[in-house]
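Trainee:
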Amino acid sequence: MDRIVVRGGRPLEGRIPIGGAKNAALPLMAAALLSDGPLVLRNAPDLADIATMRALLEQHGLEVVHDKAARTLTMSGNATSLEAPYDLVRKMRASVLVLGPLVARHGRARVSLPGGCAIGTRPVDLHLKGLEAMGATIVLEAGYIEAQAPQGLKGGRILFPVVSVGATENLLMAACLADGVSELVNAAREPEIEDLARCLIAMGAKIEGVGTDRLTVTGQACLGGATHDIVPDRIEAGTFACAAAITGGSVLLEGARAEHLGAVARTLREAGVLVEAEADGLRVSRLNGLHGVDVMTEPFPGFATDMQAQFMALMSVAEGASMVTETIFENRFMHVPELNRMGARINVHGASAIVRGVPKLSGAPVMATDLRASVSLILAGLAAEGDTIVNRVYHLDRGYERVELKLAAVGADIERITG
Ligand SMILES: CC(=O)N[C@H]1[C@@H](OP(=O)(O)OP(=O)(O)OC[C@H]2O[C@@H](n3ccc(=O)[nH]c3=O)[C@H](O)[C@@H]2O)O[C@H](CO)[C@@H](O)[C@@H]1O
Ligand SMILES: C=C(OP(=O)(O)O)C(=O)O
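Once you know that position 47 of the sequence shown is 47 in the UniProt record's numbering, the rest is easy, because the numbers rise by one and skip nothing.
(1) Cβ-heavy atom distance between R234 and ligand 2 below 7 Å?
(2) With a threshold of 7 Å, establish whether the CB of D370 neighbours any heavy atom of ligand 1.
(3) Between residue 427 and E270, what straight-line distance do the alpha-carbon atoms span, to the nearest angstrom?
(4) When the Cα atoms are used, what is the spatial distance from G116 to G61?
(5) Less than 8 Å between the C-beta atoms of G320 and G357, yes or no?
(6) Cutting at 6 Å between CB atoms, please list the residues of its own chain near T239, excluding the five before and the five after it.
(7) In the DSSP assignment, find the unbroken beta strand (DSSP E) run with N347 in it and report its ends.
(8) In the DSSP assignment, find the unbroken alpha helix (DSSP H) run with P27 in it and report its ends.
(9) Say the cut is 7 Å; is the CB of L171 nearer than that to a heavy atom of ligand 1?
(10) I'd like to confirm the pairing. Which residues does DSSP put opposite K154 in its beta bridges?
(11) Please determine whether the Cβ atom of A94 lies at a distance below 7 Å from any heavy atom of ligand 2.
(12) Can you list the alpha helix (DSSP H) stretches of 4 or more residues lying completely in the stretch 317-387, in chain order?
(13) Which residue's Cα is closest to the Cα of A243: A368, M134, N43 and A409?
(14) Counting only the same chain and skipping the five closest in sequence on each side, list residues whose C-beta sits under 6 Å from that of S316.
(15) Taking the beta strand (DSSP E) that G14 falls in, what are its first and last residues?
(16) How about L12 and G272: are their beta carbons less than 8 Å apart?
(17) Say yes only if the C-beta of G61 is nearer than 7 Å to one or more non-hydrogen atoms of ligand 2, and no if none qualify.
(18) Just to confirm the assignment: which complete alpha helix (DSSP H) runs, minimum length 4, are found wholly within the stretch 217-249?
(19) Which residues in the same chain have their Cβ closer than 8 Å to the Cβ of D179, if we skip the five residues on either side of it in sequence?
(20) Report the option in P232, A364, A245 and T121 whose CA atom is closest to the CA atom of R341.
(21) Between the Cα of V111 and the Cα atoms of Q148, G77, A133 and T121, which residue gives the shortest distance?
(22) Could you name each continuous alpha helix (DSSP H) segment of 4 residues or more that falls completely within the stretch 75-146, going from the start of the chain to the end?
(23) Out of curiosity, what's the CA-to-CA distance linking I346 and E63?
(24) Can you name the start and end residues of the beta strand (DSSP E) that A412 belongs to?
(25) Please indicate yes or no: does the CB of G399 lie closer than 7 Å to some heavy atom of ligand 2?
(26) What does the alpha-carbon distance come out to for the pair M312 and G225?
(27) By the three-class DSSP mapping on this structure, what secondary structure does N391 have?
(28) Where does G8 fall in DSSP's three states?
(29) For G143, which residues of its own chain have a beta-carbon under 8 Å away from its beta-carbon, when the five flanking residues on both sides are left out?
(30) Less than 7 Å between the CB of E132 and some heavy atom of ligand 1, yes or no?
(31) What do you reckon, is the C-beta of D125 under 7 Å from a heavy atom of ligand 1?
(32) If you count every other CB in all the chains shown that lies within 10 Å of the CB of P27, and 16 or more means buried, which is it?
(33) Indicate whether T369 and M334 have their beta-carbon atoms separated by less than 8 Å.
(34) Quick one: give me the first and last residue of the beta strand (DSSP E) that D67 is part of.
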């Protein structure tokens, strides 16, 4: 199994290209199940999760071509199998996003209950209740969701009791082919949802309220093909922003958009990091010291839970203390014991972690159990004295394209050891 070795102490300088967002690409790929014509996605990242979604769509009967040189994904054809099997779905939570499109288009689907990052229980009840509100019958049997709507879905009013990115995406896609008008209230507003909505509109969907927490969808008989540019990955950008900050460097994040970073950019500035929009991206630099800042994860435009681990690594070398509160997932502090093994001083009290900054971290062999936790250990390694060996990098490969090459290109001493 591959490992990443980081030797800390070098300030990062240069330009880092930001890829298309994993969390936008996955629902966009699922949207191909709604379409009669080919869906072409440009700016497609080359990630393990994209390969998993590709395999899932292919086993449903779609043709998927990933031209990695051109960075395009082309999906065409219609589903011939309506079952999403456990072996693929368990690898990635976003697999459940095939459910809404399959039921909306074909009147039934059988989808395994999903896996994904081990960061909490992660139920899918909101996805299922929403489909029921649109007239589907749902039965859970032997680890599978069996959904039926033989007469097709009907438009309905769905009020989300908590903000859910995945449920908003699943039901938004389903509503595009439902009979009548659907209203999604308290919908998630993450930039990836806006990206999905824009692509669906290009495919012929009728959606109002894009970018707000109230989406109104007038169902259409069918959707067609489209060509769509995937939005840049705000979490990849935020991660490299933390890399620049933790090493006291200065990098230009090519293609990154300040408005998509939401509270992350504001919080970095509060901590003493310069974040400036330039013509072709965002410049992130740290000239002086870092200071501790409190953060609380929230749905967009609040501080993203997918940036919590990376920000905690940064705070572990800041002056003073910071309190990091995780409100989205109940078990997303798996990086804390590993950061502490590198000399960080972090105590967890329920949903909050108190981080007391230390002057230096020290390299160590570490291991993470989820994607963002893994990358937080690389960030810590960039600032640590000595070698940090990050094991189990398959988590990283789910969501970061060649992270070690991108970091090495701006001066980090980092390499992948294969095998
Ligand atoms: C592939 C993808 O885009 N993943 C992102 C997506 O995950 P995902 O779509 O799984 O996250 P959700 O926004 O749905 O989860 C938010 C909260 O709602 C709860 N919930 C969710 C659905 C449900 O049916 N019932 C329920 O109770 C969850 O347990 C969690 O506490 O948004 C998360 C929150 O920004 C991110 O961390 C993930 O990176
Ligand atoms: C938690 C994440 O992904 P997933 O929802 O696929 O587990 C993530 O991207 O940080």
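Don't be surprised by glycine CBs; every beta carbon is placed ideally from N, CA and C. Note that the structure is predicted; figures quoted are calculated from it, not measured.
Mentor: On the basis of the supplied data:
(1) no
(2) no
(3) The requested residue 427 is not part of the displayed model; the chain covers only 1 to 419.
(4) Low local confidence applies: a pLDDT of 49 at G116 is under 50, so the model's placement there is unreliable, with the coordinate-based value given in what follows. The straight-line gap from Cα to Cα measures roughly 23 Å.
(5) yes
(6) Q310 and V375
(7) R345 to H349
(8) K22 to A31
(9) no
(10) D179
(11) yes
(12) 335-341 and 371-383
(13) A409
(14) L339, A344 and V355
(15) E13 to P17
(16) no
(17) no
(18) 234-247
(19) G152, L153, K154, G155 and G219
(20) A364
(21) Q148
(22) 86-89, 99-106 and 125-133
(23) 48 Å
(24) Looking at the DSSP string, A412 is not in any beta strand (DSSP E), and its letter there is neither H nor E.
(25) yes
(26) 42 Å
(27) strand
(28) coil
(29) Y86, S112 and L113
(30) no
(31) yes
(32) buried
(33) yes
(34) E63 to D67
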